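A.B. asks: Respectively, the protein sequence lines represent chains A and B. Residue 21 in full-length UniProt numbering sits at position 21 of the first sequence; the count goes up by one each step and never skips. Residue 19 in full-length UniProt numbering sits at position 19 of the second sequence; the count goes up by one each step and never skips. Below is the structure I would like to discuss, written out as structure tokens.
2 protein chains.
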Amino acid sequence: MKQPLHERIRSDFEARILSGELLPGARLPTELELMRDYDCARMTVSKALSALVAAGLIDRRKRAGTFVARPRVHSMVLDIPDLEQEVLQRGQRYHFELFNREVRTPDPAHPDEAALAGEGELILLEGVHFADDVPLAVEARLISLSAVPDIAASAFQGASPGAWLLKHVPWTEAETRIAAVPADRNVAARLHLALGSACLFVERRTWRGDEGITLVRQHFVGSAYDLIARFGSARRPSDG
Amino acid sequence: MKQPLHERIRSDFEARILSGELLPGARLPTELELMRDYDCARMTVSKALSALVAAGLIDRRKRAGTFVARPRVHSMVLDIPDLEQEVLQRGQRYHFELFNREVRTPDPAHPDEAALAGEGELILLEGVHFADDVPLAVEARLISLSAVPDIAASAFQGASPGAWLLKHVPWTEAETRIAAVPADRNVAARLHLALGSACLFVERRTWRGDEGITLVRQHFVGSAYDLIARFGSARRPSDG
DNA sequence: TCTGAAATTATGTCTATACATTAATGAGCG
DNA sequence: CGCTCATTAATGTATAGACATAATTTCAGA
């Protein structure tokens, strides 16, 4: 076995916890005991246990010891769709059609707009995403001009503003709301749907630090689009 | 400064990467350089960088060095609703009404059922979630009896099987599909909706290791329910 | 009996060092 | 020119020990 020792210790306990042999709340041996069990230094044991803490499988308390964590998993990772990539991956052609573009100051009647841009100017982009010339989604996007000054130059005919933004202005915070709504008059017309058809509605706000970047509202053709979220115990994105 | 040094190093680089100062592919200083920069031992630097590897922010290659990781998957955390908690938190009464319960062997015509339970038996639970006696969602849930033998004893009248399962059988892998669908005859009747009303459809499969646990399909009243997903630089449990 | 201080114990951080492993580099040879 | 092989620069694993920190337990004094 060329497997590192700390990894062996880690996976030993991962297996015992996942198998149910060690139940939530059960106490693990102390580092001193594990040093003897595996005949190694304390740092090695510590590294193994730290990884299990990072994976959320155990909790450690000074003086008290190390315990199997209560199952806490109430969340999973939702991939944010890059529509263009997904459409292309399905072997279809993609294009984006802009049908409105205006620059304006936040309308006090819309608290969203003030929240996004404060006193600064906004640009509003409205367009439709197509897969093989069939409309897939309509989006209305507000972008804060102070956060993204370069945007005035971009045309967004054919390419999606979402993908452009991702490349040029990475966000650090985001919030997404997902709901099912009936198509209103405008949406139905843009997507060639019957009035009241089920649409997947996605509203996302993104920030970079404290500064609002964009607020987008997308209506997907219900029958043509799913969101997928996954959670796996694979070595996972957070150290915590 | 009571913050550990390795944590300070970690968060320094996390900030520089998230802010865009260090672009994907950019090379970080070597451990030797960082030892000098932070005036500390190599193990301390190593611990900080290991955490960033675990977080997926950097890649490390022997002899070559440490680099900002390539295209970060843009994903965010989706909270999995515990319906009972959410309804209670909104100040409403919650109850669950079971209208069907049967035990059977997987139907070969439904690949889902075989995939879930293999040769073993399944239990099918169908019921409706209520908030203040108004139907909020209807769910159909398949559970593998071999994964959850205790379930035969539970009645699930009033309490939701989802919450029961979470407490008794924590999962390790899950996949969720989210879509907008029109209410069919059955769903419309159960939720007191017009035929074709927009519903948020959530389908979730969960596993424990390789063993399938449950497959649930939920239809939410579109006008009454949202899912929320968030991403923030908020630290996970182990960080300060 | 209650209270607060001290001892105890387990984890948390850090150092300094050693050797292993991997892969980019470059020198020498055909 | 292109191949092979040794060199070497970087990370990866591990040790042994020191001191820090937190929480529980114990115990002395009011």
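For every residue, glycine included, the Cβ atom is placed at its ideal position computed from N, Cα and C. Being a predicted model, the structure only gives us computed values, none of them experimental.
Cβ closer than 8 angstroms: which chain B residues qualify as neighbours of Asp226/A?
C.D. replies: Within chain B, the residues near Asp226/A are Arg177, Ile178 and Ala179.
A.B. asks: Interface residues of chain B around Gly222/A at Cβ under 8 angstroms?
C.D. replies: Near Gly222/A (Cβ distances below 8 angstroms), the residues of chain B are Ala179, Ala180, Val181, Pro182 and Ala198.
A.B. asks: Would you mind telling me which residues of chain A sit closer than 8 angstroms to Arg208/B, beta carbon to beta carbon, in chain order?
C.D. replies: Correct list: Leu18.
A.B. asks: Buried or exposed: Gln3/B, going by 16 or more other Cβ atoms within 10 Å of its Cβ?
C.D. replies: Exposed, by the Cβ-count rule.
A.B. asks: For Val73/A, which residues from the same chain have a beta carbon less than 6 angstroms from its beta carbon, with the 5 sequence-adjacent residues on both sides left out?
C.D. replies: Residue placement at Val73/A cannot be trusted, given a pLDDT of 49 that sits under 50; what the coordinates show is reported in the next sentence. There are no such residues.
A.B. asks: Say whether chain A places a C-beta atom closer than 9 angstroms to the C-beta of Phe13/B.
C.D. replies: With 9 angstroms as the cut-off, Phe13/B does not count as an interface residue toward chain A.
A.B. asks: Could you tell me which whole beta strand (DSSP E) segments of length 3 or greater appear in the stretch 36-112 of chain B?
C.D. replies: List check, beta strand (DSSP E) in window: 58-61, 65-68, 75-79 and 94-104.
A.B. asks: In terms of alpha-carbon separation, which member of Val138/B, Gly212/B, Val45/B and Leu191/B lies closest to Trp171/B?
C.D. replies: Among Val138/B, Gly212/B, Val45/B and Leu191/B, the Cα nearest to that of Trp171/B is on Gly212/B.
A.B. asks: Along the chain, where does the alpha helix (DSSP H) that runs through Ile17/B open and close?
C.D. replies: Element bounds for Ile17/B: Leu5 to Leu18.
A.B. asks: Quick one, are the C-beta atoms of Arg204/B and Glu175/B less than 9 angstroms apart?
C.D. replies: Yes, the pair counts as a contact, with Cβ atoms nearer than the cut-off.
A.B. asks: Bridge partners for Ala137/A per DSSP, in chain order?
C.D. replies: According to DSSP, which records beta bridges pairwise, Ala137/A is partnered with His129/A and Phe220/A.
A.B. asks: Exposed or buried, which one is Gly222/B when buried takes at least 16 other CB atoms within 10 Å?
C.D. replies: By the neighbour-count rule (16 or more Cβ atoms within 10 Å), Gly222/B is buried.
A.B. asks: Give every residue of the same chain whose Cβ lies closer than 7 angstroms to the Cβ of Pro161/B, excluding the five residues on either side of it in the sequence, and list them in chain order.
C.D. replies: Result list for Pro161/B: Leu125 and Arg141, in chain order.
A.B. asks: Candidates Pro106/A, Leu23/A, Ser46/A and Pro81/A: which alpha carbon is nearest Glu33/A's?
C.D. replies: Among Pro106/A, Leu23/A, Ser46/A and Pro81/A, the Cα nearest to that of Glu33/A is on Ser46/A.
A.B. asks: Going by beta carbon distance, what residues of the same chain come within less than 6 angstroms of Thr44/A, once the five residues before and after it are set aside?
C.D. replies: Leu5 and His6.
A.B. asks: Per DSSP, Ile123/A forms a beta bridge with which residues?
C.D. replies: Ile123/A is bridged to Val103/A and Ile143/A.
A.B. asks: Put Glu211/A into one of helix, strand or coil per three-state DSSP.
C.D. replies: The answer is strand: DSSP assigns Glu211/A an E or B state.
A.B. asks: Which bits of chain B does Arg10/A rub up against, with CB to CB less than 7 angstroms?
C.D. replies: Ordered by position in chain B, no residue passes the 7 angstroms Cβ test against Arg10/A, which lies about 12 angstroms from the chain.
A.B. asks: Which residues in the same chain as Leu122/B place their Cβ atom closer than 8 angstroms to its Cβ, once the five residues preceding and following it in sequence are excluded?
C.D. replies: Within the same chain, Leu122/B has close Cβ partners Val103, Arg104, Thr105, Pro106, Glu113, Leu116, Leu142, Ile143, Ser144 and Leu145.
A.B. asks: Could you check whether the Cβ of Met43/B sits closer than 9 angstroms to any Cβ belonging to chain A?
C.D. replies: Yes, Met43/B lies at the interface with chain A (some Cβ there is under 9 angstroms from its Cβ).
A.B. asks: Ordered along the chain, which non-local residues of its own chain (more than five positions away) have a Cβ less than 7 angstroms from that of Arg36/A?
C.D. replies: Answer for Arg36/A: no residue qualifies.
A.B. asks: Given that a residue counts as buried once 16 or more other Cβ atoms are within 10 Å of its Cβ, and exposed if not, what is Glu119/A?
C.D. replies: Label assigned to Glu119/A: exposed.
A.B. asks: Would you say the beta carbon of Asp226/A is closer than 8 angstroms to some non-hydrogen atom of the ligand GTP?
C.D. replies: Within the structure as shown, the ligand GTP is missing, as the structure has no ligands at all.
A.B. asks: Taking Arg60/B and Leu49/B to be in contact with their CB atoms under 8 angstroms, please state how far apart those CB atoms are, rounded to whole angstroms.
C.D. replies: Contact holds; Cβ gap of about 7 angstroms.
A.B. asks: For Pro24/A, which of helix, strand or coil comes out of DSSP?
C.D. replies: In this structure, Pro24/A counts as coil in the three-state DSSP scheme.
A.B. asks: In the stretch 117-133 of chain B, which residues sit with their C-beta less than 7 angstroms from some C-beta in chain A, listed in chain order?
C.D. replies: Residues passing the 7 angstroms Cβ filter: none.
A.B. asks: Output yes or no for whether 9 angstroms exceeds the beta carbon distance between Ala198/B and Cys199/A.
C.D. replies: Result yes, Cβ atoms of Ala198/B and Cys199/A sit closer than 9 angstroms.
A.B. asks: Using beta carbons (cut-off 9 angstroms, strictly below), is Gly173/B in contact with chain A?
C.D. replies: This sequence places Glu at residue 173/B; Gly is not what is there. For Glu173/B, the answer is yes, since a Cβ of chain A falls inside 9 angstroms of its Cβ.
A.B. asks: Among residues of its own chain, excluding the 5 on either side of Asp12/A, which ones have a beta-carbon nearer than 8 angstroms to its beta-carbon?
C.D. replies: Excluding sequence neighbours, Asp12/A sits near nothing in its chain.
A.B. asks: Taking 9 angstroms as the threshold (C-beta atoms), are Glu139/B and His219/B in contact?
C.D. replies: Their beta carbons are under 9 angstroms apart, which means His219/B touches Glu139/B by this criterion.
A.B. asks: How many Å lie between Phe99/B and Gly127/B at the Cα?
C.D. replies: Going by the C-alpha atoms only, they are around 5 angstroms apart.
A.B. asks: Can you list, in chain order, the residues of its chain with a C-beta nearer than 7 angstroms to that of Ala163/B? Leave out the 5 residues immediately preceding and following it.
C.D. replies: Excluding residues within five positions, the ones whose Cβ falls inside 7 angstroms are Asp82 and Glu84.
A.B. asks: Quick one: which residues of the stretch 89-101 of chain A get their C-beta closer than 8 angstroms to a C-beta of chain B? List them in chain order.
C.D. replies: Of all residues in the stretch 89-101 of chain A, none has a Cβ within less than 8 angstroms of some Cβ in chain B.
A.B. asks: What's the gap between the Cα of Val181/A and the Cα of Val87/B?
C.D. replies: Approximately 21 angstroms, taken between the alpha carbons.
A.B. asks: Answer with buried or exposed for His129/B, where buried requires no fewer than 16 other C-beta atoms within 10 angstroms of its C-beta.
C.D. replies: When all chains shown are included, His129/B counts as buried.
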